[in-house]
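Below: the structure, in structure tokens.
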């Protein structure tokens, strides 16, 4: 199904032998997304939500159509639930600050996990210093997934928020939220899900997840950087105060007071990332053309093939082998630093990620300072995996 997919990504025109295995950090961009951005800047650009002239009103319509498109992509209740931000990180910070300033106080508790990206750890730490609550982390299992029993046992009368990753950017584990969301809702505890890794690989249904907040970024979805999405349940639009002040998010401004807009506009201060949103809409079209079910199946087959080959190789340690996981393969080669692995692979035109992957608490739990990571996308094929495996043998031979 994806035999000729590389033709849709212009990076391969210039570098046809590139083996790109860093999709978990940021995906390559298809021509259709790049063209939509170029066209918007070249022929369609004006500010949105302001002008009465056709250039502005036409782009406003196109911009808001993307909001509807995102809503359908997430199966949210309405496009009114969708807030555009500059990144998933900003979306998390928006929720953390607006919620904590109003609802959290000394000795309250927020539950995260050891699987979290720093973007779902650091904002909570910053808020905890300000509002004096505690950040509690649920443990992980040996297979690299969240220990759900441990998490459920940590929920008590002090628990005021739960914030968890949907798919780990290190172990690839996919969190099952059925029991978590059930208990959270029974106890009126808001639930935020970080969907950055999940969004481009598996179908996301926020109503089925029954979460209060869901965040993702455009650049991991074959779209542009500079745009993120926050899904927010309708009940929070009135309960939370604005995150930032400026144009667009107001109802009326007097010299001595301001009243705020309602709904998503309340949280979209200033000129939005207009062109990035247009590119995001095109990236969703691209995904829908190829079916997330087929994309995940394609990536899983590549992962399974690579995994089976690697576990038979000497001196390779793989982190994360849960039954439910995405195409993320994190590993180390004994006695060889991950950076050396990456440098030698790069000499063979193979791109992987090394380091702590913005997950230092998880690295500590795994007993390492850093790892190497190969992650698959729609454009990868079996030849890429074979080149990667050959590259690993070259790394091992080099350090003999």
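Residue numbers (our numbering): 6 to 405. Where is the CB? At the ideal position from N, CA and C, for every residue including glycine.
Residues that residue i bridges to, as DSSP identifies them
| i | result |
| --- | --- |
| residue 237 | 218 |
| residue 334 | 379 |
| residue 142 | 117 |
| residue 154 | Its beta-bridge partners do not exist; DSSP assigns none. |
| residue 24 | 355 |
| residue 324 | 335 |
| residue 406 | Past the boundaries of the shown model lies residue 406; the chain is included only from 6 to 405, so the question cannot be answered. |
| residue 289 | DSSP, once it has assigned bridges, lists no residue as partnering residue 289. |
| residue 349 | Looking at the DSSP assignment, residue 349 forms no beta bridge with any residue, so it has no partner. |
| residue 341 | 338 |
| residue 178 | 330 |
Burial state of residue i (16 or more Cβ within 10 Å)
| i | result |
| --- | --- |
| residue 119 | buried |
| residue 385 | buried |
| residue 32 | buried |
| residue 212 | exposed |
| residue 95 | buried |
| residue 47 | exposed |
| residue 276 | exposed |
| residue 291 | buried |
| residue 168 | buried |
| residue 112 | exposed |
| residue 336 | buried |
| residue 406 | For residue 406 there is no data in the structure shown, the boundaries of the chain being 6 and 405. |
| residue 327 | buried |
| residue 262 | exposed |
| residue 162 | exposed |
| residue 21 | exposed |
| residue 260 | exposed |
| residue 121 | buried |
Span of the alpha helix (DSSP H), counted from its first residue to its last, around residue i
| i | result |
| --- | --- |
| residue 108 | 93-108 |
| residue 265 | Run containing residue 265: none in the alpha helix (DSSP H); it sits in the beta strand (DSSP E), 263-265. |
| residue 312 | 297-316 |
| residue 161 | Looking at the DSSP string, residue 161 is not in any alpha helix (DSSP H), and its letter there is neither H nor E. |
| residue 17 | 16-19 |
| residue 78 | 59-79 |
| residue 186 | 183-191 |
| residue 56 | Premise fails: residue 56 is in no alpha helix (DSSP H) and is neither H nor E. |
| residue 397 | 387-403 |
| residue 384 | Here residue 384 belongs to no alpha helix (DSSP H), and DSSP marks it neither H nor E. |
| residue 367 | 365-371 |
| residue 34 | Here residue 34 belongs to no alpha helix (DSSP H), and DSSP marks it neither H nor E. |
| residue 128 | 127-136 |
Any non-hydrogen atom of the ligand ADP within 7 Å of residue i CB
| i | result |
| --- | --- |
| residue 43 | Absence of the ligand ADP from the depicted structure is noted, as is the absence of any ligand whatsoever, leaving it without description. |
Extent of the continuous beta strand (DSSP E) to which residue i belongs
| i | result |
| --- | --- |
| residue 199 | 196-199 |
| residue 169 | 164-170 |
| residue 255 | 255-258 |
| residue 360 | 358-360 |
| residue 90 | 87-90 |
Contact check, residue i vs residue j, beta carbons under 8 Å
| i | j | result |
| --- | --- | --- |
| residue 300 | residue 194 | no |
| residue 311 | residue 334 | yes |
| residue 357 | residue 148 | no |
| residue 208 | residue 307 | no |
| residue 114 | residue 187 | no |
| residue 152 | residue 145 | yes |
| residue 66 | residue 54 | no |
| residue 338 | residue 323 | no |
| residue 235 | residue 90 | yes |
| residue 265 | residue 256 | yes |
| residue 177 | residue 331 | yes |
| residue 346 | residue 390 | no |
| residue 97 | residue 63 | no |
| residue 272 | residue 88 | yes |
| residue 245 | residue 136 | no |
| residue 182 | residue 198 | yes |
| residue 380 | residue 93 | no |
| residue 60 | residue 51 | yes |
| residue 138 | residue 110 | yes |
| residue 362 | residue 175 | yes |
| residue 38 | residue 287 | yes |
| residue 41 | residue 284 | yes |
| residue 100 | residue 282 | no |
| residue 206 | residue 6 | no |
Any C-beta of chain C under 8 Å from that of residue i
| i | result |
| --- | --- |
| residue 32 | Absent from the structure: chain C. Only one protein chain is present. |
The region 76-92 touching the region 218-234, judged by at least three CB pairs closer than 8 Å: The region 76-92 is in contact with the region 218-234.
Within the chosen definition, does the region 223-240 reach the region 339-356 through at least 3 CB pairs nearer than 8 Å? Not touching, per the Cβ criterion.
Three or more C-beta pairs below 8 Å linking the region 342-350 and the region 312-327: Touching, no.
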